[in-house]
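Undergrad:
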Amino acid sequence: MLGLMQSQPLLISSLVDHAEHHHGEGQIVSRRVEGDIHRYTWKDVAARARQVARALDGMNLMFSDRVATLAWNGYRHLELYFGVSGSGRVLHTINPRLHPDQIAWIANHAEDQVLCFDMTFLPLVQAIHARCPGIKAYVALCEPGKLPADSGIPNLLSYEAWMGAHPTTYDWPSFDENSASSMCYTSGTTGNPKAALYSHRSTILHAYAAALPDVMCLSARDSVLPVVPMFHVNAWGIPYSAALTGCKLVFPGPAMDGKSVYELLEEEKVTYAAGVPTVWQMLLGHMKPNNLRFSTLKRTVIGGSACPPAMINAFNDDYGVEVLHAWGMTEMSPLGTLCTLKNRHLNLPADEKMKIRLKQGRAIYGVDMKIVGDDGKELPWDGKAFGDLYVRGPWVVREYFKGEGGDPLVNGWFPTGDVATIDADGYMQITDRSKDVIKSGGEWISSIDVENIAMAHPAVQMAACIGMRHPKWDERPVIAVVKRPGAEVTRDELLKFYEGKTAKWQVPDDVVFVDAIPLGATGKMLKTRLREQLKDYKLPGT
650 MLGLMQSQPL LISSLVDHAE HHHGEGQIVS RRVEGDIHRY TWKDVAARAR QVARALDGMN
710 LMFSDRVATL AWNGYRHLEL YFGVSGSGRV LHTINPRLHP DQIAWIANHA EDQVLCFDMT
770 FLPLVQAIHA RCPGIKAYVA LCEPGKLPAD SGIPNLLSYE AWMGAHPTTY DWPSFDENSA
830 SSMCYTSGTT GNPKAALYSH RSTILHAYAA ALPDVMCLSA RDSVLPVVPM FHVNAWGIPY
890 SAALTGCKLV FPGPAMDGKS VYELLEEEKV TYAAGVPTVW QMLLGHMKPN NLRFSTLKRT
950 VIGGSACPPA MINAFNDDYG VEVLHAWGMT EMSPLGTLCT LKNRHLNLPA DEKMKIRLKQ
1010 GRAIYGVDMK IVGDDGKELP WDGKAFGDLY VRGPWVVREY FKGEGGDPLV NGWFPTGDVA
1070 TIDADGYMQI TDRSKDVIKS GGEWISSIDV ENIAMAHPAV QMAACIGMRH PKWDERPVIA
1130 VVKRPGAEVT RDELLKFYEG KTAKWQVPDD VVFVDAIPLG ATGKMLKTRL REQLKDYKLP
1190 GT
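Numbering-wise, my numbering puts 1121 at position 472 of the sequence shown, and it's gapless, one number per residue.
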């Protein structure tokens, strides 16, 4: 016997319709590429998204055709989120921090038909357009008067002229909720990237889950600043969850330096912000020397890479901001876990609470996870056993676009490539990437633990731990360090800093001071490139 409830497809167009009807006055604030601040409402977003849909219809794009973007976090990008997917096409957000060769490869592999881009990225588009014969139209996200006289791109369109010529009325089509809605290519550092192809159903379910109280806890009372880019994994789904809840959105545009972000946080009374550690490091680096405080910010979710304990302490102790540690992947839409305390943890001593907050958190409803040993058997949730982390769920990838890489699943589970522990309360902690864990004398050393200790030193701005070959111990840890401007610390001082904080055999054998640690397109440390830079390095005594 089946239930007698109405059956309506879960479609992205329903999110912007809901925001318009129930939160139409809610504000969307954007710092534009032009430098000024733009303000309008959810009602405006919905009207202009319908114009985008009509413009795409006018180009005779077929159902599921790909529309690419090279754009910052801003209101026009938000309109494309809903106008492209809502009309049945697939939004393909491209990371502009990738090399032009890689961007051209991605656009061709995705078979993009249209490319919409912020004027910041005009040089990028000029570099790739001749190599992307499948792209039929290029749309610059600007007014007609801002188009360059000679861009070198044939028939370049102005976004405002392109979509603004159409009425704001549009009947969103209804179709199978399992249809593709958007796509994002992985930021893998070896070989060509692979695309995760999200569906309307997976996106809506993810938006619901992300807004839950023990996850991002978003509401119509929040003012949210997503510094995490809309060009990578849909800004962690925040644009969709924001439409679902009707919260105010504040977009930083291209200005993500500490000063600019702080000004937006204060001027727009932001209560909740999301970003990767490198962005918050710039923010805190601006605030401390200028004796600045937050007046409204209460929570920040930090993901992308492990958040150093020193950063959690700074936000919590110095500024009264709760840090929510999160973990996910492109292949997971991206949220998998988020770290919030349970009721029984609230009265724990501060140091015990910190031990929990340092973990990546509990699985969000919809995500199952497990850890397995080298023999493929599941390991206990005791907080001690660590193994390869596997996940499954309705917003976890089943296979990659065009079947690239073959079947990625193992008995229905997706192998994340992370090594982790899970405790009895379900809190997962990443101990390393499987390719970065260091094996020394038959024992495993977590590079993340080694890095976190170094990051707690006041003279250290950034640290990355890698394993170096050793004739006796197989591998030994070495820590590469970038010093804070004007700060000094010696090799011996830093190694002494490890005393009492970890087992002696886990202390690095050496410190290598570098000008910078290579970062990938999403802000993650590129240890493969760091290993290449240090390929001629020899451990002391070897």
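Where is the CB? At the ideal position from N, CA and C, for every residue including glycine.
Remember, it's a predicted structure, so these values are computed and weren't measured experimentally.
Please report how far the alpha carbon of residue 756 lies from the alpha carbon of residue 908, in whole angstroms.
TA: 34 Å
Undergrad: If we require 4 or more residues per run, which alpha helix (DSSP H) segments fall completely within the region 771-804?
TA: Here the runs fully enclosed are 771-777.
Undergrad: Name the DSSP bridge partner or partners of residue 1122?
TA: Beta-bridge annotation (DSSP): residue 1122 is not paired with any residue.
Undergrad: Just to confirm, are residue 1159 and residue 1188 a CB contact at a threshold of 8 Å?
TA: yes
Undergrad: Should residue 671 go down as buried or exposed, given a rule of 16 or more other Cβ atoms within 10 Å for buried?
TA: exposed
Undergrad: Could you spell out where the alpha helix (DSSP H) holding residue 715 opens and where it closes?
TA: Looking at the DSSP string, residue 715 is not in any alpha helix (DSSP H); the run it does join, the beta strand (DSSP E), is 715-719.
Undergrad: Could I get the ranges of all uninterrupted beta strand (DSSP E) runs contained in the region 1120-1174, with 3 residues as the minimum, in chain order?
TA: 1123-1132, 1159-1162
Undergrad: Under 8 Å between the Cβ atoms of residue 832 and residue 739?
TA: Inclusion of residue 832 and residue 739 in the CB contact set at 8 Å is warranted, their separation being smaller than that value.
Undergrad: Using C-beta distances below 6 Å, list every residue in its chain close to residue 1112, excluding the 5 sequence neighbours before and after it, in chain order.
TA: 1100, 1103, 1104, 1128, 1130
Undergrad: Using alpha carbons as the reference points, say which of 925, 679, 662, 896 lies closest to residue 881.
TA: 925
Undergrad: Counting C-beta neighbours from all protein chains within 10 Å, is the total for residue 939 16 or more, i.e. buried, or is it exposed?
TA: exposed
Undergrad: Counting beta carbon pairs with one atom in the region 807-824 and one in the region 696-703, are three or more of them shorter than 8 Å?
TA: yes
Undergrad: What is the C-beta distance between residue 921 and residue 942, in whole angstroms, given that I count them as a contact (C-beta under 8 Å)?
TA: Their Cβ separation, rounded to whole angstroms, is 17 Å, which puts residue 921 and residue 942 out of contact at 8 Å.
Undergrad: Exposed or buried, which one is residue 1060 when buried takes at least 16 other CB atoms within 10 Å?
TA: exposed
Undergrad: Between which two residues does the beta strand (DSSP E) holding residue 1063 run?
TA: 1063-1071
Undergrad: Counting only the same chain and skipping the five closest in sequence on each side, list residues whose C-beta sits under 7 Å from that of residue 965.
TA: 971, 972
Undergrad: At the level of alpha carbons, what is the spacing between residue 955 and residue 820?
TA: 44 Å
Undergrad: Please return the same chain residues whose Cβ sits closer than 8 Å to the Cβ of residue 1075, not counting the five positions on each side in sequence.
TA: 1011, 1012, 1030, listed in sequence order.
Undergrad: Going by DSSP, what residue range makes up the beta strand (DSSP E) through residue 1017?
TA: Bounds of the beta strand (DSSP E) holding residue 1017 are 1017-1021.
Undergrad: Cα-Cα, which of 744, 762, 796 is closest to residue 773?
TA: The shortest C-alpha separation from residue 773 is found at 744.
Undergrad: Alpha carbon to alpha carbon, how far is residue 960 from residue 1150? Give it in angstroms, no decimals.
TA: Computed Cα separation, rounded: 17 Å.
Undergrad: Would residue 1161 and residue 1183 qualify as a contact pair, given that the criterion is a beta-carbon distance under 8 Å?
TA: yes
Undergrad: Between which two residues does the beta strand (DSSP E) containing residue 1041 stretch?
TA: 1036-1041
Undergrad: Going by the DSSP bridge assignment, what does residue 763 pair with across the sheet?
TA: 716, 786
Undergrad: Here's the rule I'm using: 16 or more other beta-carbon atoms within 10 Å means buried, otherwise exposed. How should residue 849 be labelled?
TA: buried
Undergrad: Can you tell me which of the three DSSP states residue 704 falls into?
TA: Assignment of residue 704 by DSSP, reduced to helix, strand and coil, places it in the helix class.
Undergrad: DSSP on residue 900, reduced to helix/strand/coil?
TA: strand
Undergrad: Going by C-alpha distance, which of 1069, 974, 1040 is nearest residue 1057?
TA: 1040
Undergrad: Assess, as a yes-or-no matter, whether the region 686-695 is touched by the region 711-722 under the definition of 3 or more beta carbon pairs within less than 8 Å.
TA: no
Undergrad: Check for me: the alpha helix (DSSP H) holding residue 1002 runs from which residue to which?
TA: 999-1006
Undergrad: When you compare each of 656, 1045, 1034 to residue 1014 by their alpha carbons, which one comes out closest?
TA: Comparing Cα positions, the closest option is 1045.
Undergrad: By how many angstroms is the C-alpha of residue 851 removed from the C-alpha of residue 838?
TA: With a pLDDT of only 43 at residue 838, under the threshold of 50, the placement of this residue in the model should not be trusted; the figure read from the coordinates follows. Each residue's CA atom was taken as its position, placing residue 838 and residue 851 some 26 Å apart.
Undergrad: Whose C-beta lies closer than 6 Å to the C-beta of residue 981 among residues of the same chain, with five residues either side of it excluded?
TA: 1045
Undergrad: One question on the structure: do residue 826 and residue 660 come within less than 8 Å of each other, judged by their Cβ atoms?
TA: yes
Undergrad: How would you write the range of the beta strand (DSSP E) that residue 1181 sits in, first residue to last?
TA: Unbroken run through residue 1181 is the alpha helix (DSSP H), 1176-1182; no beta strand (DSSP E).
Undergrad: Rounded to whole angstroms, what is the Cα-Cα separation between residue 859 and residue 871?
TA: 14 Å
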